[in-house]
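Okay, so here's the structure we're looking at.
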Amino acid sequence: MRMFIRTSFIVAILALFRIQPAAQERAGSPIAAQNTTNLRLDDVQNGVIPDTVQTLDRFIAEAITKNPRIQAAREQARSAGAKIPQAGAWDDPFVGVEFFATPVTSANPFKDGMETDYFIQQMIPFPGKKGLMKDAAAAGERMATQSVAAIEREIIAGVKTSYAMIYSTQKRIGVNQENQELLGQIVESVRAKYRVGVATQGDVLKAQVEFAKLQNERSALDQELASAVSMMNALRAVPPATGIGPLAEIVLPEYRGSPDSVSAGALESRSEILGMRNEIEMKQADVSASQREWYPDFMVRAMYKQMMDQTDQWAAMVGINIPLAPWGIGKYSGKVEENEASLRSSEQSLLEMQNMVQAQVRDAHAKVRSGWERLDRYRATILPQAEEAFQSTLAAYQTDAADFLSLLDSYRMLQMLKMEYYMVEADYASNIASLEQAIGRNLR
Numbered sequence: 058m059r060m061f062i063r064t065s066f067i068v069a070i071l072a073l074f075r076i077q078p079a080a081q082e083r084a085g086s087p088i089a090a091q092n093t094t095n096l097r098l099d100d101v102q103n104g105v106i107p108d109t110v111q112t113l114d115r116f117i118a119e120a121i122t123k124n125p126r127i128q129a130a131r132e133q134a135r136s137a138g139a140k141i142p143q144a145g146a147w148d149d150p151f152v153g154v155e156f157f158a159t160p161v162t163s164a165n166p167f168k169d170g171m172e173t174d175y176f177i178q179q180m181i182p183f184p185g186k187k188g189l190m191k192d193a194a195a196a197g198e199r200m201a202t203q204s205v206a207a208i209e210r211e212i213i214a215g216v217k218t219s220y221a222m223i224y225s226t227q228k229r230i231g232v233n234q235e236n237q238e239l240l241g242q243i244v245e246s247v248r249a250k251y252r253v254g255v256a257t258q259g260d261v262l263k264a265q266v267e268f269a270k271l272q273n274e275r276s277a278l279d280q281e282l283a284s285a286v287s288m289m290n291a292l293r294a295v296p297p298a299t300g301i302g303p304l305a306e307i308v309l310p311e312y313r314g315s316p317d318s319v320s321a322g323a324l325e326s327r328s329e330i331l332g333m334r335n336e337i338e339m340k341q342a343d344v345s346a347s348q349r350e351w352y353p354d355f356m357v358r359a360m361y362k363q364m365m366d367q368t369d370q371w372a373a374m375v376g377i378n379i380p381l382a383p384w385g386i387g388k389y390s391g392k393v394e395e396n397e398a399s400l401r402s403s404e405q406s407l408l409e410m411q412n413m414v415q416a417q418v419r420d421a422h423a424k425v426r427s428g429w430e431r432l433d434r435y436r437a438t439i440l441p442q443a444e445e446a447f448q449s450t451l452a453a454y455q456t457d458a459a460d461f462l463s464l465l466d467s468y469r470m471l472q473m474l475k476m477e478y479y480m481v482e483a484d485y486a487s488n489i490a491s492l493e494q495a496i497g498r499n500l501r
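Just so we're aligned, residue 58 is where the sequence shown starts under the numbering used here, counting upward by one.
This is the structure:
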């Protein structure tokens, strides 16, 4: 009877700990593919869980299309574009009628007045003034467009990070579920062995405590999944309780780019830098336009004079403003000084942004390289050796060369390392997203 119970227990452990070679080969990972459809927390707060496997590209497309922050930035860019024709337009013409020598007793100046003048008047800016204002507005539109691109890149990085967190949590939930099923059978086996005197009460209690720890871990994983799903839903502007089903496998190739190459490329592709360069162009146009304020504008006027007792006449007038008047000099010089100071400030901000981008790129690159090394060690060394250690302890337990506690410790270590592996995967994917945001383009 004792021999039968021991044999059944060993067979159960071997069956539940078996790693599936086909899944390993398909996923390119030394650990088995886990069941990711067994979600809980009331199916993510009663959200509708799609049945089909969902891809990262789908979430990115949804976020770019629906995210309110992106939509607001696009409207700001449209607003900036609408300023261009305004900046280049002249002032509206002015038309009017003047009456001369109308008797005070008359209520009809058109009939009783000696002279009625009809005129049209137009202010003409000095050549180049409106062109510079239009150039400044066009640079402002380009700056707003780069702001849209920067926000899109930030949102995409957030989607990729959320996707990695959901994927990792789903995988760890699968590991946890597998562990609960295994420990449930182990608890029953140990209880059966305890009843016939083969195991101790301490073995039963240890197995029960381990099972309770797995249940606590599952609760924490459910909460982690709900948080990641809520963030993903916020980024793609859908109700926060919308469920997310199983995600497609994350492909994590090694990134081999050097920090110098990506850092140099970031200065040419990062939207924030391109936007600040457009801002400098706008400020340069503002400076030139304010310098042109020293040049006079023109006013032309044409008039038709309807005479009561004489032949009708016409008249014309040309005038200019005088920007060199002593009481107006401070206005123009102050505007030039203001715009020049603003330009210098933008130039210094660009230098600071370039330095910060290079630092961000190198930091993200270092995290990516470190993350890949960790990921590779898990795949090539840590997990295979942990599996080998467990199989060795299991074999020793079969021959009574190891006790139950040693088997439990070996099992716990293997499952903990599986959990860590999926967390390292998520960190690596998140760091890739951060590096892409830092350099302003996709790596693949």
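The C-beta atom is built at its ideal place from N, Cα and C for all residues, glycine as well.
As the structure is a computational prediction, the values presented were derived from the model and not from experiment.
Quiz prompt | Boundaries (first-last residue) of the beta strand (DSSP E) holding F176 | solution = Counting from 1 along the sequence shown, the entry for residue 176 is found at position 119. Its beta strand (DSSP E) spans residues E172 to I181.
Quiz item: Based on Cα-Cα distance, which residue from S487, T162 and A201 lies nearest to M339?
Solution: Taking the sequence shown and counting its residues from 1, one reaches residue 339 at position 282. The option with the nearest alpha carbon to M339 is A201.
Practice problem: Note down, in chain order, each residue of its chain lying with its Cβ closer than 7 Å to the Cβ of V261, except the 5 sequence neighbours on either side. | Solution: Locating residue 261 in the sequence shown gives position 204, where the first residue counts as 1. If we look at V261 and ignore the five residues flanking it on each side, its Cβ neighbours are V247, R248 and Y251.
Exercise. Have a look at D460, N499, R334 and L474 and flag the residue whose alpha-carbon is nearest the alpha-carbon of S403.
Key: By one-based count along the sequence shown, residue 403 stands at place 346. Proximity to S403 across D460, N499, R334 and L474 peaks at R334, based on C-alpha coordinates.
Quiz item: Since K362 sits in a beta bridge, which residues does DSSP pair it with?
Solution: Counting from one through the sequence shown, the residue named residue 362 turns up at place 305. According to DSSP, K362 bridges with D174 and Q370.
Quiz item: Taking contact to mean at least 3 C-beta pairs separated by less than 8 Å, is the region 109 to 129 in contact with the region 319 to 327?
Solution: Between the region 109 to 129 and the region 319 to 327 there are fewer than three inter-stretch CB-CB distances shorter than 8 Å, so the stretches are not counted as touching.
Quiz item: Going by Cα to Cα distance, which pick from S219, E445, G188 and E155 is closest to T173?
Solution: Stepping through the sequence shown from its first residue, residue 173 is reached at position 116. Measuring C-alpha to C-alpha distances from T173 to each of S219, E445, G188 and E155 identifies E155 as the nearest.
Quiz item: Per DSSP, I377 is paired with what?
Solution: Numbered from 1 along the sequence shown, position 320 holds the residue referred to as residue 377. For I377, DSSP records a beta bridge to F355.
Quiz prompt | contact_flag[the region 301 to 318, the region 258 to 278] where n(CB pairs < 8 Å) is 3 or more | solution = No: the two stretches stay apart, fewer than three of their Cβ pairs being nearer than 8 Å.
Quiz item: Which residues bound the beta strand (DSSP E) around G302?
Solution: Translated into the one-based positions of the sequence shown, residue 302 becomes position 245. Per DSSP, G302 belongs to no beta strand (DSSP E) and is neither H nor E.
Quiz prompt | Per-residue burial, M473 [other beta carbons within 10 Å of its own, 16 or more giving buried] | solution = Position 416 of the sequence shown holds residue 473. Taking all protein chains shown into account, M473 has fewer than 16 neighbouring C-beta atoms within 10 Å of its C-beta and is therefore exposed.
Quiz item: Between the C-alpha atoms of E477 and A206, what's the straight-line distance to the nearest angstrom?
Solution: Here residue 477 refers to the residue found at position 420 when the sequence shown is read from its first residue. Here residue 206 refers to the residue found at position 149 when the sequence shown is read from its first residue. Near 35 Å, if we compare the C-alpha coordinates of A206 and E477.
Quiz item: What is the rounded straight-line gap between the Cα of L464 and the Cα of F447?
Solution: Taking the sequence shown and counting its residues from 1, one reaches residue 464 at position 407. Taking the sequence shown and counting its residues from 1, one reaches residue 447 at position 390. So the two alpha carbons sit approximately 7 Å from each other.
Practice problem: Look at the Cβ atom of E350, then the Cβ atom of P383, and state whether they are nearer than 8 Å. | Solution: What you label residue 350 is simply residue 293 of the sequence shown in a count that begins at 1. What you label residue 383 is simply residue 326 of the sequence shown in a count that begins at 1. Taking the C-beta atoms as reference points, P383 is found no nearer than 8 Å to E350.
Quiz item: Is A453 near the ligand ZN, with its Cβ less than 7 Å from a heavy atom?
Solution: No copy of the ligand ZN occurs in the structure displayed, which carries no ligand at all.
Self-check item: Bridge partners - V152, DSSP secondary structure assignment
Solution: Numbered from its first residue, the sequence shown carries residue 152 at position 95. Paired residue(s): I177.
Quiz prompt | Alpha carbon of E211 to alpha carbon of A283, nearest angstrom | solution = Position 154 of the sequence shown holds residue 211. Position 226 of the sequence shown holds residue 283. Approximately 22 Å, taken between the alpha carbons.
Self-check item: Own chain, CB closer than 6 Å to F461, minus 5 neighbours either side, in chain order
Solution: Counting from 1 along the sequence shown, the entry for residue 461 is found at position 404. D260.
Exercise. Assign F151 to one of two classes, buried (16 or more other C-beta atoms within 10 Å of its C-beta) or exposed (fewer than that).
Key: Numbered from 1 along the sequence shown, position 94 holds the residue referred to as residue 151. Result: exposed.
Quiz prompt | Beta-carbon proximity of A194 to A158, cut-off 8 Å | solution = By one-based count along the sequence shown, residue 194 stands at place 137. By one-based count along the sequence shown, residue 158 stands at place 101. No, they are not a contact pair.
Quiz item: For the alpha helix (DSSP H) that contains T218, what are its first and last residues?
Solution: For the purposes of this step, residue 218 is identified with residue 161 of the sequence shown, where counting begins at 1. Unbroken alpha helix (DSSP H) run through T218: K186 to R252.
Quiz item: Hey, G153 and F167 are a contact pair by Cβ (cut 8 Å); roughly how many whole angstroms apart?
Solution: Taking the first residue of the sequence shown as 1, we reach residue 153 at position 96. Taking the first residue of the sequence shown as 1, we reach residue 167 at position 110. About 14 Å; that fails the 8 Å criterion.
Quiz prompt | Sub-8 Å separation of T109 and G231 beta-carbons | solution = Indexing the sequence shown from 1 puts residue 109 at position 52. Indexing the sequence shown from 1 puts residue 231 at position 174. No, the pair does not count as a contact, with Cβ atoms beyond the cut-off.
Exercise. Taking all protein chains shown into account, decide if Y361 is buried (16 or more other Cβ within 10 angstroms of its Cβ) or exposed.
Key: Counted from its first residue, the sequence shown places residue 361 at position 304. Counting Cβ neighbours within 10 Å, Y361 comes out exposed, since fewer than 16 surround it.
Self-check item: Limits of the unbroken alpha helix (DSSP H) element including R434
Solution: Here the question's residue 434 lines up with position 377 in the sequence shown. DSSP places R434 inside the alpha helix (DSSP H), whose first and last residues are I386 to R434.
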